[in-house]
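Numbering (our numbering), first residue to last: 286 to 540.
Here it is, written out as C-alpha cells:
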C-alpha cells in the first residue's frame with residue numbers, strides 16, 4: 286500500500302503534480318478498445334486518476350473527483366478500488382507497463398543486448414528527470430506491489446539474456462544480476478528525485494551496470510553514451526528526438 290507520507294512526498298509541497306512526458310501521454314490515454322467492460326472501466330478510472338492527480342495532486346485527490354473525471358458514480362469507483370492507495374497502485378502499474386512498452390517500441394531493430402539494457406536503464410532515469418513525482422509514485426508502489434516489479438523486470442531480463450547469449454555479459458546467475466540492475470536503477474531514480482544526481486547520471490549509471498554485468502570499461506562507456514533512440518511517433522503526438530552525447534574522455538594520470 287502507498288504510505289500516508291505519500292501525500293506530501295508526491296506533491297513536493299505543491300497542490301498539483303506535473304504533467305507526464307509527452308512521449309507517454311497518448312499511450313496512457315488509449316481507449317481500451319477490445320477489453321471487457323469491467324476491464325475497460327477500470328482503465329478509464331486509472332486514466333481519470335492521472336488527470337486528477339495532475340490537477341489536484343495525490344494528496345488533494347478524492348475518490349469522488351476520480352469518478353467525476355471518468356464520468357461514473359463514486360460507487361462505481363469503489364467497485365474497482367477500495368481506497369485511493371489502490372488507485373495509485375493502478376496508476377503505477379499502467380505507467381510502468383506503458384513506459385516498458387514505449388521503450389520496447391524504441392528498441393525496434395536494435396539487436397545488441399548491452400545497448401538495449403543501457404536504453405532501458407536510461408529511460409527509467411529519464412522519467413525521474415522529466416516527472417520526479419511520477420517516478421517516485423512508481424517506486425513507492427513497487428515496494429508493496431510485486432507485480433509491478435515483475436512486470437518491469439521481464440523486459441530487462443530479456444535484454445540481459447540476449448547479452449549473455451552474445452557473450453557480452455558474464456554473470457554468475459540471473460537473480461544476482463537482476464538485483465544489481467534493479468537496485469542500481471531504483472537508487473539512481475531516488476538520487477535524481479532528491480536533486481543529488483550530477484549531469485549524465487543516467488548514462489553513467491548504465492555504464493556502471495554494464496560493467497557489473499561483465500563488459501570492459503571502454504565498451505560499457507561507449508555503449509552507454511550511444512544516442513538514445515527516439516520514442517516512435519504516436520497518433521496525436523510529435524516524435525521525440527534522439528540526443529547524442531559525447532563520451533567523456535578519461536583523464537590521463539599524472540606521473
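Idealized CB from N, CA, C, for every residue including glycine.
- Between residue 448 and residue 381, the alpha-carbon positions lie close to 23 Å from each other.
- DSSP, reduced to helix, strand and coil, places residue 502 within a helical segment of the structure shown.
- In the same chain as residue 456, and ignoring 5 residues on each side of it, the C-beta atoms closer than 8 Å to its own belong to 445, 449, 462, 498, 499, in chain order.
- Between the C-alpha atoms of residue 338 and residue 329 there is a straight-line separation of about 14 Å.
- One Cα belongs to residue 400, the other to residue 390, and the distance between them is close to 14 Å.
- With a minimum length of 4 residues, the unbroken runs of alpha helix (DSSP H) contained wholly in the segment 398-474 fall at 398-415, 417-427, 431-450.
- Distances from the alpha-carbon of residue 506 to those of 491, 346, 454 put 491 closest.
- Using a C-beta cut-off of 8 Å, the segment 473-481 makes contact with the segment 407-426, since at least three inter-stretch Cβ pairs fall below that distance.
- Contact check for residue 335 and residue 376: beta-carbon distance about 6 Å, within the 8 Å limit, so the pair qualifies.
- Taking the C-beta atoms as reference points, residue 379 is found nearer than 7 Å to residue 331.
- Sequence-distant Cβ neighbours of residue 464 in its own chain, meaning closer than 6 Å and more than five residues away, do not exist here.
- Secondary structure within the segment 340-391: the alpha helix (DSSP H) runs of 4 or more consecutive residues, fully enclosed, are 348-355, 359-365, 369-391 (chain order).
- Counting along the chain, residue 481 sits inside no alpha helix (DSSP H), nor does DSSP assign it H or E at all.
- Assigned with DSSP and collapsed to three states, residue 326 falls in helix.
- Selection 302, 510, 458, 333 evaluated against residue 314 yields 333 as nearest (Cα-Cα).
- Between the C-alpha atoms of residue 407 and residue 304 there is a straight-line separation of about 20 Å.
- Residues 426, 430 of the same chain have their beta carbon placed closer than 6 Å to that of residue 374, with the five preceding and five following residues left out of the count.
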